[in-house]
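Its first residue numbered 1350, the sequence shown is counted upward by one per residue in our numbering. Note that beta-carbon positions come from the ideal geometry of N, C-alpha and C, so glycine has one too.
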Amino acid sequence: NFLVDVASLKQPGVAFFVARDAGQLLGFGAIAARGADEAGALWAELKRMYVAPAARGRRIGRLILDRLLDHAKAQDIAVLRLETGNKQLEALSLYRSVGFAHRGPFGDYPDNESSIYMEMRIA
């Protein structure tokens, strides 16, 4: 629901990963380091997860998410958070399958009925 522009994805602390096959874009995802949370744990936000319609059903989303999780672990990120739309059923299922759980809004996000906020502790 709250997309970031391309310039935001070029900022320090943002890692952007792309899946391609024979030069064709299959999907992408980003992770943005956000600093320490209230308890002092480093946290990051998953941003812009996307799989091209022609590539869906091939586990591309899971491969991208696994790469994002590996990156977070390598950066000593302890908590991952995300915001997604409440109609993104496949995405919600994917996030739950790796351990994300529902939580309330975080950062500057407002509480609204069309957003789902999730969090996962990885450290």
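{"Check": "Cβ-Cβ distance between M1398 and A1356 below 8 Å", "Outcome": "no"}
{"Check": "E1462, enclosing beta strand (DSSP E) - first and last residue", "Outcome": "It is not in any beta strand (DSSP E) - E1462 carries neither H nor E in the DSSP assignment."}
{"Check": "Own chain, CB closer than 8 Å to V1363, minus 5 neighbours either side, in chain order", "Outcome": "S1357, A1379, I1380, A1381, A1382, K1396"}
{"Check": "Strand pairing of Q1373, partner residues [DSSP]", "Outcome": "D1370"}
{"Check": "Between the CA atoms of I1471 and K1422 - distance to the nearest angstrom", "Outcome": "7 Å"}
{"Check": "Spatial neighbours of Q1369 in its chain, beta-carbon cut-off 8 Å, leaving aside the 5 residues before and after", "Outcome": "Reading off the sequence shown, one finds Arg at residue 1369, where the question assumed Gln. Answer for R1369: L1375, listed in chain order."}
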